[in-house]
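FYI, the numbering for the sequence shown is 1 to 297, going by the numbering used here. Shown next, in structure tokens, is the structure this report addresses.
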Amino acid sequence: MAAHTKSLTVFVFALVLCVSGVSRITGGAISVALAQIQPQRIVSIIPSTTEMLFAMSAGRRVIGVGNFDRYPPEALTRPKVGGLIDPDVERILSLKPDLVIVYGTQSELRAQLERAKIPMFLYQHAGLSDITSTIRDLGTRVGNPIESAALADRIEAEIEDVRKRVAGRPRPRTLLVFGRDAETLRGIYASGAIGFLHDMLDAAGGMNVFADVKRQSIQTTSELAVARAPDVIVEIGVDTASASGRNLRAWDALPSIPAVRNKRIYQLAGDGMMNPGPRISASVRRVAEVLHPDAFK
């Protein structure tokens with residue numbers, strides 16, 4: 001596995017395993033008046049919010065991004081300031097931001113930014129609907145309410161189109177895998193019944209085989225996968241450095257699983273599949289297209 005792929009996988013695991021709920025709070029102890037000033041120097045250490053800012057035409061004001069921010073390409077030109085686990089406070093302060101977008105769980109970073117009197121927008125990812133809510137709230141905060149509302153409206157319309165296309169069709173029991181060791185069935189992580197991955201699968205017309213497990217993620221064994229007997233296995237965020245066919249053949253070791261027996265195992269490559277940001281409607285459609293191909297002819 002390439003080094004950057006492995007580090008991205010570690011980041012994804014940390015994000016999905018460690019955070020839940022949603023909160024958008026600006027300014028901390030900063031005055032309301034200060035919080036209303038349109039920020040001109042924005043630091044975003046979160047891939048999804050960085051994408052949101054660029055998509056709502058606020059990208060020119062982004063002066064620093066997280067270590068895992070790779071989209072859009074313009075984000076790669078901005079200084080890196082750490083991430084969820086390792087924020088570089090000195091680097092952030094040196095950029096002299098007037099707004100920093102941080103994870104709500106980063107209590108130490110938040111305390112340091114409050115001491116420096118730097119306004120914040122606190123973020124925690126949650127369900128599918130929270131993505132567009134965050135887009136609208138962030139757009140209002142940075143002074144782009146019209147652009148952000150239009151972006152959110154488009155995403156919601158595209159997801160609704162998918163829902164309508166798959167409505168009334170049988171929902172295949174689906175195992176949604178977002179990580180495993182390349183070419184083996186070790187280290188399998190799958191979506192539980194909470195969070196945007198589960199909601200994405202539901203919108204795409206699938207039934208999560210772990211719909212009864214009220215967690216964002218589940219570390220799945222081969223035995224558990226056999227017991228849940230999915231009709232379809234969809235893998236996202238899995239290492240694509242190895243040949244796709246060879247990677248998928250790892251599942252051949254479990255022929256009793258209907259998805260294996262009927263050759264309904266799919267890998268959907270691309271970091272957008274794991275990012276709760278502006279590309280989420282395209283991700284929902286990609287999942288729906290493998291679950292219900294006839295609905296998109």
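Backbone N, C-alpha and C fix where the C-beta goes; we use that ideal spot for every residue, glycine too. A quick note: this is a predicted structure, and the numbers were derived from the prediction, not measured.
Beta-carbon contacts of residue i that lie in its chain and below 6 Å, excluding the five residues immediately before and after
i: Leu48; result: In the sequence under discussion, the amino acid at residue 48 is Ser, which differs from the Leu named in the question. So the qualifying residues of the chain are Asn275, Pro276, Gly277.
i: Arg286; result: Leu268
i: Arg279; result: Gly272
i: Ile218; result: Ala190, Gly192, Phe210
i: His4; result: Low confidence applies to His4: its pLDDT is 46, below 50, so where it sits in the model is not reliable, and the reading given next is rough at best. Around His4: no qualifying Cβ.
i: Arg173; result: Met207, Val209, Pro230, Asp231
i: Val22; result: Its pLDDT being 36, under 50, Val22 is placed unreliably by the model, and nothing is read from it.
Residue j beta carbon less than 8 Å from that of residue i
i: Ile45; j: Gly83; result: yes
i: Ile118; j: Pro97; result: yes
i: Ala225; j: Leu175; result: yes
i: Val290; j: Tyr266; result: yes
i: Ile188; j: Pro230; result: no
i: Ala227; j: Asn208; result: no
i: Arg91; j: Val102; result: no
i: Ile131; j: Phe178; result: no
i: Ala259; j: Ile236; result: no
i: Val142; j: Leu99; result: yes
i: Leu95; j: Arg60; result: no
i: Phe54; j: Pro39; result: no
i: Arg169; j: Ala295; result: yes
i: Asp199; j: Leu128; result: yes
Close beta carbons around residue i, own chain, < 8 Å, minus the five adjacent residues each side
i: Arg78; result: Val62, Ile63, Gly64, Val65, Asp69
i: Arg261; result: Pro255
Close beta carbons around residue i, own chain, < 7 Å, minus the five adjacent residues each side
i: Leu93; result: Ala116
i: Ser222; result: Leu185, Leu254
i: Gly139; result: Met56, Pro145, Glu147, Ser148, Ala149
i: Ala250; result: Glu183, Thr184, Leu185
i: Arg303; result: The displayed coordinates of the chain run from 1 to 297. Any statement about residue 303 would go beyond what the structure contains.
i: Ala282; result: Gly272
i: Val89; result: Leu109, Gln112
i: Leu248; result: Ile265, Gln267
Alpha helix (DSSP H) segment containing residue i, residue limits
i: Met200; result: 196–203
i: Met351; result: What is shown of the chain runs 1 to 297, which leaves residue 351 out entirely.
i: Glu235; result: Element bounds for Glu235: not the alpha helix (DSSP H) but the beta strand (DSSP E), 232–236.
i: Ile159; result: 145–166
Enclosing beta strand (DSSP E) for residue i [first to last residue]
i: Val177; result: 173–179
i: Ala190; result: 188–191
i: Val226; result: No beta strand (DSSP E) contains Val226, which is instead part of the alpha helix (DSSP H) from 222–228.
i: Gly64; result: 62–65
i: Val81; result: Neither: Val81 is in no beta strand (DSSP E) and is coded neither H nor E.
i: Ile42; result: 42–44
Practice prompt. Pick out the complete beta strand (DSSP E) segments inside the stretch 245–291, 3 residues or longer, and give them in chain order.
Written response: 265–268
Worksheet item: Within the chosen definition, does the stretch 147–163 reach the stretch 186–204 through at least 3 CB pairs nearer than 8 Å?
Response: yes
Discussion item. If we require 3 or more residues per run, which beta strand (DSSP E) segments fall completely within the stretch 85–135?
Written reply: 99–103, 120–123
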